[in-house]
Amino acid sequence: KPEINMDKTYKFQKGTVIDCAIKRANPPEVNYTWYSCDIPICSERSWKFVKKYPTLQLASQLKPDMKYKCEAKNAAGTASKIIDVFKPVENTSD
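Using the UniProt record's numbering, the letters of the sequence shown map in sequence onto residues 1 to 94.
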């Protein structure tokens with residue numbers, strides 16, 4: 001089955017691109033699916049489908065902290081990795 005090699009935490013910036021990097025996969029044909037979750041503890045039902053593509057580009061983020069899950073699937077099985085994406089706190093003081 002595929003083996004995913006990604007960081008656990010990312011800082012949100014508009015246009016951030018996150019790659020669901022595969023360390024190795026045999027067979028090499030892999031289907032990717034991204035999901036998002038905007039609550040602290042995500043159950044199976046709380047994950048929302050985002051897109052089917054190896055990379056995820058973030059134009060906006062609804063909450064300061066979001067979780068994203070990349071699922072990589074091939075004939076040998078499925079692997080998934082959950083990552084945290086956080087927005088840096090903006091300093092509003094003068």
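No residue lacks a Cβ here, since even glycine has one placed at the ideal position from N, Cα and C.
{"Check": "Distance, N74 Cα to M66 Cα", "Outcome": "27 Å"}
{"Check": "Beta-bridge pairing of D7 - partner residues as DSSP gives them", "Outcome": "DSSP output for D7 lists no bridge partner at all."}
{"Check": "Cβ neighbour criterion (16 or more within 10 Å) applied to A25", "Outcome": "buried"}
{"Check": "Ordered list of beta strand (DSSP E) runs contained in the region 29 to 92, each at least 3 residues", "Outcome": "31 to 37, 48 to 51, 55 to 58, 65 to 74 and 77 to 86"}
{"Check": "Length of the line joining the Cα atoms of Y32 and S43", "Outcome": "20 Å"}
{"Check": "Within 8 Å, strictly: CB atoms of I18 and I82", "Outcome": "no"}
{"Check": "Cβ shell of I4 (< 8 Å), same chain only, five flanking positions each side left out", "Outcome": "C20, A21, I22, K23, C70, A72, A79, S80 and K81"}
{"Check": "Chain-order list of residues whose beta-carbon lies under 7 Å from that of K8 (same chain, five-residue window excluded)", "Outcome": "I83 and D84"}
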